[in-house]
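Notes follow the structure.
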Amino acid sequence: MRKLLLILTLIVLSTFAMAEVVEIVFWHNMSNPVDKKSIEESVAKFNKTHPNIKVKVVLVPGTETEVTKLMTAVAAGTGPDVYYLDRFTVAQRAHQGVLECLEDYLVQLGVDVEKLKSKYFDFAIAEATYNGKLYALPWDTDVRVLYYNKKLFKKAGLDPDKPPVTIDELDEYAEKLTIIKNGRIEQLGFIPWFGQGWHYTWGWAFGGKFYDEKTQKLCFADDPKIIASFKWQKKYADKYGMKNIGAFQSAYTGANLNPFLAGKLAMVVDGNWFLAQIRTFAPKDFEFGIAPIPYPVYGEAGSTWAGGWSLVIPKGAKHPKEAAEFILYMATEGQVKYAIDTYHLPTYKEAIPGLVEADPMQKYFAELLPKAHCRPVIPVGALLWDKLTEARDYILWGKKTVEQALRDAQEEVQEALDKALGKK
Numbered sequence: 015m016r017k018l019l020l021i022l023t024l025i026v027l028s029t030f031a032m033a034e035v036v037e038i039v040f041w042h043n044m045s046n047p048v049d050k051k052s053i054e055e056s057v058a059k060f061n062k063t064h065p066n067i068k069v070k071v072v073l074v075p076g077t078e079t080e081v082t083k084l085m086t087a088v089a090a091g092t093g094p095d096v097y098y099l100d101r102f103t104v105a106q107r108a109h110q111g112v113l114e115c116l117e118d119y120l121v122q123l124g125v126d127v128e129k130l131k132s133k134y135f136d137f138a139i140a141e142a143t144y145n146g147k148l149y150a151l152p153w154d155t156d157v158r159v160l161y162y163n164k165k166l167f168k169k170a171g172l173d174p175d176k177p178p179v180t181i182d183e184l185d186e187y188a189e190k191l192t193i194i195k196n197g198r199i200e201q202l203g204f205i206p207w208f209g210q211g212w213h214y215t216w217g218w219a220f221g222g223k224f225y226d227e228k229t230q231k232l233c234f235a236d237d238p239k240i241i242a243s244f245k246w247q248k249k250y251a252d253k254y255g256m257k258n259i260g261a262f263q264s265a266y267t268g269a270n271l272n273p274f275l276a277g278k279l280a281m282v283v284d285g286n287w288f289l290a291q292i293r294t295f296a297p298k299d300f301e302f303g304i305a306p307i308p309y310p311v312y313g314e315a316g317s318t319w320a321g322g323w324s325l326v327i328p329k330g331a332k333h334p335k336e337a338a339e340f341i342l343y344m345a346t347e348g349q350v351k352y353a354i355d356t357y358h359l360p361t362y363k364e365a366i367p368g369l370v371e372a373d374p375m376q377k378y379f380a381e382l383l384p385k386a387h388c389r390p391v392i393p394v395g396a397l398l399w400d401k402l403t404e405a406r407d408y409i410l411w412g413k414k415t416v417e418q419a420l421r422d423a424q425e426e427v428q429e430a431l432d433k434a435l436g437k438k
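The opening residue of the sequence shown carries number 15 in my numbering; numbering runs sequentially from there.
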């Protein structure tokens, strides 16, 4: 009889224990084999050290992580508890009500939120915050720099150890490094909007400002430095012709056909991740240098900006508290491992030493992080990006003047921002 009671007790306890295990679903779109493997290994370790939680990883194409589809899946009971979100859109998605407030669940877990926030770079925490509370924890990040081809510098009579520092020098070097034969571009010295030469890249390098946090007003259309940055880019469009530049670009598609890697583009602004492409696809004798983004005399020396991903909980997730526990692990211990495995720049400061030890060249990028700009943290951040990009295209193709294109973009986004902030 005692034996039977013992067996029944064990069965009940076993059933209870099994019921205690909570399965959470984690969606991400890091399909790169190295990135994917690192994430899977961290998840496996989390599952082993947290027996009450089981994380199921689902790799989804980037297009499937679009918020509308994601929330449809959550509403249907088939969505994730945790997913990747481009960090600069966190405020917008939080405002739209599609994210759980992560900070509330971290507090329930006994986390000292202020202490945790101090372990990340300020720009990353700013992007992960909405209305003073964390809606995400930062994952990886990046910075932008100038890459240049040393062999092409030598051929053009330029010192390969002295990259351009100012915009004037950049223009001068670009002219010397460009080869045009019979009206056809054979080699380009530089094109401002190639690679990561975005509106933010040059606006900040020129010392401009896009948004005033105190007044909650966009100000780029009224900033002479922002206007100057677009007029400078337009000079390149006029000089070489947009169709000619497009024809040059069309000959190079895919990472292994990048014009810079092919030795046909002498200089380009790109992210720290571009280093991996150079190592993978460039010829073995490829010689390149890395330098700060050039700036005008009135601009900002050493200017750069950072983006990156974050981990969030969608509104209506089945197990938000357990999701928060997993996010906390991944954004700290998991991020340390991810940085070493993948050479992605971390937002978690404690991950920097391991990354630099694994790849000393990353030290240059890491040193730029403390002063990196981040895109305006506003509930219409994605719209602002799209409208700035649209304005740039209008300018380059001569469809609008710089002033008109920027004014139109600013007015449209400001109206949306005022509405989002309850001012209209």
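Each residue gets a CB set at the ideal place from its N, CA and C atoms; glycine is no exception. Since this is a predicted model, take the numbers as computed values, not measurements.
- Excluding residues up to 5 positions away in sequence, Tyr98 lie with their Cβ nearer than 6 Å to the Cβ of His42 in the same chain.
- Contact between the stretch 291-303 and the stretch 315-330 is not established, with fewer than three Cβ pairs separated by less than 8 Å.
- Three or more Cβ pairs closer than 8 Å define a contact, and the stretch 56-67 falls short of that threshold against the stretch 112-132.
- Each residue's CA atom was taken as its position, placing Ile205 and Asp126 some 47 Å apart.
- Restricting attention to Trp218, Val391 and Trp287, the CA atom closest to the CA of Met375 is found in Trp287.
- Distance from the CA of Asn46 to the CA of Leu151, rounded to the nearest whole angstrom, comes to 22 Å.
- Leu172 is positioned such that its CB atom lies no closer than 8 Å to that of Lys147.
- Only buried fits Tyr161, as 16 or more other CB atoms lie within 10 angstroms of its CB.
- Minimum Cα-Cα distance from Thr215 among the listed residues Arg198, Gly197 and Ser243 corresponds to Ser243.
- Residue pairing for Asn163: DSSP places it in a beta bridge opposite Phe302.
- Checking the DSSP bridge columns, you'll see His333 has no partner listed.
- Counting the other Cβ atoms within 10 Å of the Cβ of Val35 gives fewer than 16, which makes it exposed.
- One alpha carbon belongs to Ile241, the other to Val416, and they sit about 7 Å apart.
- By the criterion of a C-beta distance shorter than 8 Å, Lys438 is surrounded in its chain by Glu429 and Asp432, once the five residues flanking it on both sides are discounted.
- Runs of the alpha helix (DSSP H) spanning 4 or more residues and lying entirely within the stretch 39-74 occur at 47-63, in chain order.
- When rounded, the separation of the alpha-carbon atoms in Lys70 and Ala265 is 42 Å.
- Between Ala380 and Leu359, the alpha-carbon positions lie close to 7 Å from each other.
- For Ala87, the CB contacts under 6 Å within the same chain, skipping 5 residues up- and downstream, are Gly93 in chain order.
- Beta-bridge annotation (DSSP): Glu37 is paired with Lys68.
- Look at Ile193 here: in three-state DSSP terms it is strand.
- Rounded to the nearest angstrom, the gap between the Cα atoms of Tyr408 and Gly395 is 20 Å.
- The C-beta of Trp411 has fewer than 16 other C-beta atoms within 10 Å across all chains shown, which makes the residue exposed.
- Beta-bridge analysis with DSSP links Ser324 to Leu99 and Pro152.
- For Arg198, the closest alpha carbon among the candidates Leu232, Lys253 and Asn145 is that of Lys253.
- Runs of the alpha helix (DSSP H) lying entirely within the stretch 241-297, each at least 4 residues long, are 256-264 and 288-295 in chain order.
- The DSSP-derived three-state label of Trp411 is coil.
- Listed in chain order, the non-local C-beta contacts of Glu314 below 7 Å within the same chain comprise Trp218, Ala219 and Gly221, local neighbours out to five positions each way being set aside.
- For Ile199, the enclosing beta strand (DSSP E) has its first and last residue at Arg198 to Gln201.
- Assigned with DSSP and collapsed to three states, His358 falls in coil, not helix or strand.
- Lys83 has no beta-bridge partner at all, per DSSP.
- The C-beta distance from Tyr357 to Ser52 rounds to 10 Å, too long to fall under 8 Å, and the pair is not in contact.
- In this structure, DSSP gives Thr229 a state outside helix and strand, which the three-state scheme calls coil.
- Non-local C-beta neighbours of Asp156 in its own chain, meaning closer than 7 Å and more than five positions away in sequence, comprise Gly285, Asn286, Trp287, Ala320, Gly321, Gly322 and Leu359, ordered along the chain.
- DSSP places Arg421 in the helix class (H, G or I) of the three-state scheme.
- In the same chain as Met44, and ignoring 5 residues on each side of it, the C-beta atoms closer than 8 Å to its own belong to Lys50, Ile53, Leu73 and Tyr98, in chain order.
- Val311 and Phe208 have their C-alpha atoms roughly 23 Å apart.
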